[in-house]
Every structure is written in structure tokens, then in C-alpha cells.
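Engineer: Following the numbering used here, the numbering of the sequence shown begins with 1316 at its first residue and continues without gaps.
Ideal Cβ placement from N, Cα and C applies to all residues, glycine included.
Here you go, one structure.
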Amino acid sequence: MKNLVLIGGGHSHAIALRLFGIYPLANDIQITLITDVTDAPYSGMLPGHILGHYSFKECHIDLVNLAKFSQANLVVDQAVNLDLANKQVLCQNHPPIDFDWLSIDIGSTPATSEIMGVDQYAIAAKPVPQFLTHWQQLLTSLESDRAIPTERPLRIGIVGGGAGGVELAFTIKSRIESILRSQGLSPMLLEIHLLHRQATLMTGYPAKVGKRFEQVLLDQGIYVHLRETVNLIKPDSDNQSEQYPLQTPKIIGCESGFTLQCDRIFWLTNATAPPWIRDSGLPTDQKGFILINNKLQSISHPHIFATGDIASSISHPSPKAGVFAVHQGKPLFRNLQRVSSGQPLVPFYPQKQHLSIIGTGYRTESSEKYLQAIVAWGGLCFGPSKLLWSWKESIDRQFIEQFRG
Ligand SMILES: Cc1cc2nc3c(=O)[nH]c(=O)nc-3n(C[C@H](O)[C@H](O)[C@H](O)COP(=O)(O)OP(=O)(O)OC[C@H]3O[C@@H](n4cnc5c(N)ncnc54)[C@H](O)[C@@H]3O)c2cc1C
């Protein structure tokens, strides 16, 4: 019996597993999925979930069902290292798992530990389950009206103005404003501040796109602080509030000397890789992401594959976004099929430009409330418009639907 082991239920692995269910491997190959969660979030629908538009189930892939469908062993555990010499995955709670071929799709997390106070006082956008727990707690406190301040605005800071941070700013604003309105309170009681290190938002996109998003954020009353590098987060000791837990304020400090008092801080800066990847001995880039060739293989270990955020392609570098992990799903499946049957692998060439559809939250017009989105394609931007949101919704629903049933 040979073993194909997949670590992480990321987007590429979800697609590959579904295809293994439809086109099974030879009988003497056992697939094992090691995942630390049983429900994998689909990034495209996450902002819609934060808005309250999609339920948890609607925007998550059930990995238990998917593993059953693909006849994979499911190991619910966290991989903590690799023993490359003995071809084993080391797990937190299970004995080592042998592999003949290995594929890694474990995503990334925002860099939090480099800056003082971030781990204690900010909410990282990933891992997603922890982020959603914090978000739910915030919603629960806001919905119990005692937690809503009336003497000064509730101030939310979002650090990191890439696509994720920009979309989160729109989303959080929309959701909290809806709660305020439902309680008969003014939306002016909310302030959203987006801090970004660079001169334009939307890292990895042309400056024109960043400028367009900046304008739409400003139009919505979101404060944008550009060229601000956060170097400290600490509690505001002068303003501890026992009465309103939400209002126990923190201070964001920046290298420029700029400071901002916030009630909640969301952290979405540079994506990083877990340290065990580098410790495993696989060659990585400077940030610790696995270096892969255009066949999605580790550049040193051809029986090890990596896709999604955790991979860094030497020939086709791409930003860390779910859309790339999705595009790599089918090519990964094909090459795993081929490597396990001794056939030559095929290269994968990602699209030069990708389409991004970013939700910009609710808009209310003559008592009609609807969602909007902006499309960015290369240097072009369209929207915000209701039609673009409908388009995004139909793409996302179609994607997630393939994992149902
Ligand atoms: C708020 C927010 C909004 C976003 N919106 C968008 C968007 O609209 N469009 C877009 O393209 N991108 C978006 N992104 C980025 C997107 O989430 C990531 O780029 C995408 O999820 C990466 O996919 P992946 O397959 O690499 O990994 P992930 O989707 O992160 O999946 C990795 C999986 O591996 C599991 N795992 C991790 N470590 C281990 C381990 N050691 N052992 C076992 N399992 C492990 C994780 O629990 C997770 O289930 C957003 C990100 C955030 C934070």
C-alpha cells in the first residue's frame, strides 16, 4: 500500500479531494487528509458571512463529508513538522504518519508576533475559526445594547490595507451600522480606521486600483491612514472601562509618532508561514513559504507538493489570495494522479492577471437595502454596484455548491 498524504483542507485540497472522489486513484493508494478543522472556510464568502449574509454552513466546506466522498482517511489534528528522511508527517496528537507523496495546503496567517502587543490586544484575521469566535463575541456584546457606547463613537482599527483589510473595513462598517440602526442609534456612533504602511491601498494591485478603493472608503466615511507603520499596541491605562467591556480601549502606536485609540483592533498585515515549515528542511523563501516549481513540487523534494498561500512559486510568484489556491486545485489533482501512477507531470501556468471582486457592504437607497461590490481587473476598476455583487454571489455559490451533497 502506498500513501498520499494531504496536510490542510485549504482550497486546492478541497478541489483535489472532490476530484479524487470522482476519479479514484489505484486501489493500492490510500489518501489521508490531516486537518486541524472539520469545516474549512471558503475565503470568497467569508466577508459575506461577517456581514450576516451567509450562514456558517453556507460558507464552509464540510471536510468530514468530503473525506468520505474521496475515500480518504481523515485525521483531525495539527501537523507540527516533517521527518523528511523517514517520509513522515509529525502531528500534535497522533503518531507519525507515513507518506510516499505529500501535499501541503495550510494557508498563511498575518504576522502578529513581530510587533509588541499585537498577540494580546489585536484580533488576527487568521486562523479563521479564532477570528470568527472574536467577531461573534463582538456582535453579541453589540446586540446586548448595554455594550454600545453613547458618549463617544465605538472605534475600530483595521491594520493592513491589502484586499483582505479593505474588504473587512467595508464589511465591519456595514454590519455594525445595521446593528446600531436596528437599535434606533445613529451610525455616527461608529468610526472605522484603516491603517496601511504603503502610500496606496490594495498591495499587489496597480496604484490606480488602490486610489479607487481609497476614494470609495472615504465616501463611506471610513478613515484611511496611509504610510503608517504600526509598531506597538498597548492598553490605554487612563481609560479602562469596567462598565463597557467593548470600550476597554487600546492605543495603536505608529513609527511616525501617530497614535490612535481604538476599542477593537483587527490585524491583517503581511502573510507569514508557520515556523515548522522552515524547520522541516524544505527550501523556503525569505518569509518561510515553500519554494515550488511550475509543477507545484518542492524544488528539493519532488514527492512533496505545495499550493495556496503556503507555496511560493519560483517561476510565477502570485499574491496570497484564495483565488490562486482555487486555480491550483485541478492542476494539483492532475499531478498527484500522475506522480502516483509514474507518469510525467504537467506544468501549471497561472493567469497573468486575475479578477478580484471585493464586497463593499450594504447600501440603502429609498428604503431598499442591497449589497454592492467593486471589480478590479489589472489596472481597471468598476463599481461599486449591486450587479457586481450579484455576479460575485453567483460565482461563490456555484463554487461552494460543488462540495454539497
Ligand atoms: C478577512 C479575509 C477575507 C478574505 N477575502 C478574500 C477574498 O474575497 N478573495 C480571495 O481570493 N482571498 C481572500 N482572502 C485571502 C484568503 O483567505 C487566502 O488567500 C486563502 O484562504 C488561502 O487559501 P489556502 O488554500 O492557501 O489556505 P486556507 O484557506 O487558509 O486553508 C488552509 C487550511 O489548513 C488548515 N491548517 C493550517 N495549518 C494546519 C496544520 N498545521 N495542520 C493541519 N491543518 C492545518 C487550516 O485550518 C485551513 O483549514 C481573505 C482573507 C481574509 C483574512
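Cβ atoms of C1569 and T1544: under 7 Å apart, would you say?
Structural biologist: Reading the sequence shown from its first residue, position 229 is the one you call residue 1544. Reading the sequence shown from its first residue, position 254 is the one you call residue 1569. Against a cut-off of 7 Å, the Cβ pair of C1569 and T1544 comes out as a contact.
Engineer: What residues in its chain sit with their C-beta under 7 Å from that of H1409, if we drop five residues either side in the sequence?
Structural biologist: To locate residue 1409, count along the sequence shown from 1; it is residue 94. Same-chain partners within the cutoff: V1390, D1392.
Engineer: Can you tell me the Cβ-Cβ gap for L1483 and P1339, rounded? I've got them flagged as a contact below 8 Å.
Structural biologist: For this step, residue 1483 is matched to residue 168 along the sequence shown. For this step, residue 1339 is matched to residue 24 along the sequence shown. Actually they are not in contact, since the Cβ atoms of L1483 and P1339 sit about 40 Å apart, beyond 8 Å.
Engineer: Quick check on DSSP: helix, strand or coil for S1552?
Structural biologist: Within the sequence shown, the letter at position 237 stands for residue 1552. Three-state DSSP puts S1552 in a helix.
Engineer: State the DSSP-derived secondary structure class of M1431, mapped to helix, strand or coil.
Structural biologist: The count along the sequence shown starts at 1 and reaches residue 1431 at position 116. Look at M1431 here: in three-state DSSP terms it is strand.
Engineer: Using only alpha-carbon positions, find the residue among R1333, G1325, K1317 that is nearest to R1649.
Structural biologist: For the purposes of this step, residue 1649 is taken as residue 334 along the sequence shown, with counting starting at 1. That would be R1333, whose Cα lies nearest to the Cα of R1649.
Engineer: Quick one: any contact between the stretch 1660–1673 and the stretch 1535–1550, if contact means 3 or more CB pairs under 8 Å?
Structural biologist: no
Engineer: For S1358, is the beta carbon positioned less than 6 Å from some heavy atom of ligand 1?
Structural biologist: In the sequence shown, the residue the question calls residue 1358 occupies position 43. For ligand 1, at least one heavy atom lies less than 6 Å from the Cβ of S1358.
Engineer: Are there any heavy atoms of ligand 2 lying less than 6 Å away from the beta-carbon of K1635, as far as the coordinates show?
Structural biologist: Summarising the ligand content, the structure contains ligand 1 and does not contain ligand 2.
Engineer: What is the DSSP secondary structure of L1561, reduced to helix, strand or coil?
Structural biologist: Here residue 1561 corresponds to residue number 246 of the sequence shown, with the count starting at 1. Note that L1561 scores 49 on pLDDT, short of 50, meaning its location in the model is unreliable and no value can be drawn from it.
Engineer: Tell me which same chain residues have a C-beta within less than 6 Å of the C-beta of G1475, skipping the five on either side of it?
Structural biologist: The sequence position of residue 1475 within the sequence shown is 160, counting from 1. Once the five neighbours on either side are set aside, the close Cβ partners of G1475 are L1583, T1584.
Engineer: Is there a Cβ from chain C that is less than 7 Å from the Cβ of G1525?
Structural biologist: Going by chain labels, chain C is absent from the structure shown, which holds only one protein chain.
Engineer: Are the stretch 1361–1378 and the stretch 1402–1418 touching by the rule of at least three beta carbon pairs closer than 8 Å?
Structural biologist: no
Engineer: May I have a chain-ordered list of the beta strand (DSSP E) segments no shorter than 3 residues that lie completely inside the stretch 1606–1684?
Structural biologist: 1619–1621, 1626–1628, 1670–1680
Engineer: In whole angstroms, what is the alpha-carbon distance linking N1401 and P1598?
Structural biologist: As a position in the sequence shown, residue 1401 is number 86, starting the count at 1. As a position in the sequence shown, residue 1598 is number 283, starting the count at 1. Going from the Cα of N1401 to the Cα of P1598 covers about 17 Å.
Engineer: Between the Cα of K1610 and the Cα atoms of I1537, S1627, T1574, which residue gives the shortest distance?
Structural biologist: Within the sequence shown, residue 1610 is the residue found at index 295, counting from 1. Ranking I1537, S1627, T1574 by Cα distance to K1610 puts S1627 first.
Engineer: Does the contact criterion of 3 or more C-beta pairs under 8 Å hold for the stretch 1322–1331 versus the stretch 1633–1642?
Structural biologist: yes
Engineer: DSSP on S1327, reduced to helix/strand/coil?
Structural biologist: In the sequence shown, the residue the question calls residue 1327 occupies position 12. Of the three classes helix, strand and coil, the one that applies to S1327 here is helix, per DSSP.
Engineer: Report the CB separation of I1346 from L1321 in whole angstroms; it is logged as a contact under 8 Å.
Structural biologist: On the sequence shown, residue 1346 is found 31 positions in, with the first residue counted as 1. On the sequence shown, residue 1321 is found 6 positions in, with the first residue counted as 1. That belief holds up - the Cβ atoms of I1346 and L1321 are roughly 7 Å apart, short of 8 Å.
Engineer: Hey, out of V1661, I1507, S1613, A1440, whose CA is closest to S1470's CA?
Structural biologist: On the sequence shown, residue 1470 is found 155 positions in, with the first residue counted as 1. Going by the sequence as given, residue 1470 is Arg instead of Ser. Measuring from the Cα of R1470, the nearest candidate turns out to be I1507.
Engineer: Hey, how far is the Cα of F1718 from the Cα of H1449?
Structural biologist: Position 403 of the sequence shown, counting from 1, holds the residue named residue 1718. Position 134 of the sequence shown, counting from 1, holds the residue named residue 1449. Rounded to whole angstroms, F1718 to H1449 spans 27 Å at the Cα level.
Engineer: Is L1348 near ligand 1, in the sense that its beta carbon is under 6 Å from a heavy atom of that ligand?
Structural biologist: Along the sequence shown, one-based indexing puts residue 1348 at 33. In this structure, L1348 has its CB at a distance of at least 6 Å from all heavy atoms of ligand 1.
Engineer: Is the beta carbon of S1385 less than 7 Å from the beta carbon of G1336?
Structural biologist: Numbered from 1 along the sequence shown, position 70 holds the residue referred to as residue 1385. Numbered from 1 along the sequence shown, position 21 holds the residue referred to as residue 1336. Yes, these two residues count as a Cβ contact at 7 Å.
Engineer: Which residues bound the alpha helix (DSSP H) around L1583?
Structural biologist: To locate residue 1583, count along the sequence shown from 1; it is residue 268. Premise fails: L1583 is in no alpha helix (DSSP H) and is neither H nor E.
Engineer: Looking at A1588: is its Cβ nearer than 7 Å to the Cβ of I1625?
Structural biologist: By 1-based counting over the sequence shown, the position of residue 1588 is 273. By 1-based counting over the sequence shown, the position of residue 1625 is 310. Going by C-beta atoms, A1588 is nearer than 7 Å to I1625.
Engineer: Comparing C-alpha positions only, which one of S1595, L1510, I1614 sits nearest to S1571?
Structural biologist: Here residue 1571 is taken as the residue at index 256 of the sequence shown, counted from 1. The candidate whose alpha carbon is nearest that of S1571 is L1510.
Engineer: What is the rounded straight-line gap between the Cα of V1654 and the Cα of V1352?
Structural biologist: Residue numbering aside, residue 1654 sits at position 339 when the sequence shown is read from its first letter. Residue numbering aside, residue 1352 sits at position 37 when the sequence shown is read from its first letter. Computed Cα separation, rounded: 27 Å.
Engineer: Within 10 angstroms of the Cβ of T1679, are there 16 or more other Cβ atoms? Answer buried if so, exposed if not.
Structural biologist: Residue 1679 sits at position 364 when you count from the first residue of the sequence shown. T1679 comes out exposed.
Engineer: Quick one: grab the DSSP three-state call for S1493.
Structural biologist: Looking up residue 1493 in the sequence shown gives position 178. If DSSP states are grouped into helix, strand and coil, S1493 belongs with the helices.
Engineer: Enumerated in chain order, which unbroken segments of the alpha helix (DSSP H) with a length of 4 residues or greater are wholly contained in the stretch 1340–1375?
Structural biologist: 1361–1365
Engineer: Going by CA-CA distance only, name the one from S1418, G1472, D1420 that's closest to A1439.
Structural biologist: Mapped onto the sequence shown, residue 1439 falls at position 124. Among S1418, G1472, D1420, the Cα nearest to that of A1439 is on G1472.
Engineer: Please classify R1496 as buried or exposed, where buried requires at least 16 neighbouring CB atoms within 10 angstroms.
Structural biologist: Taking the sequence shown and counting its residues from 1, one reaches residue 1496 at position 181. Exposed, because fewer than 16 other Cβ atoms sit within 10 Å of the Cβ of R1496.
Engineer: From the DSSP output, in three-state form, read off Q1513 for me.
Structural biologist: Within the sequence shown, residue 1513 is the residue found at index 198, counting from 1. It is coil, neither helix nor strand.
Engineer: Alpha carbon to alpha carbon, what distance is there between T1622 and S1721?
Structural biologist: As shown, the chain starts at 1316 and ends at 1720. That puts residue 1721 outside it, with no answer to give.
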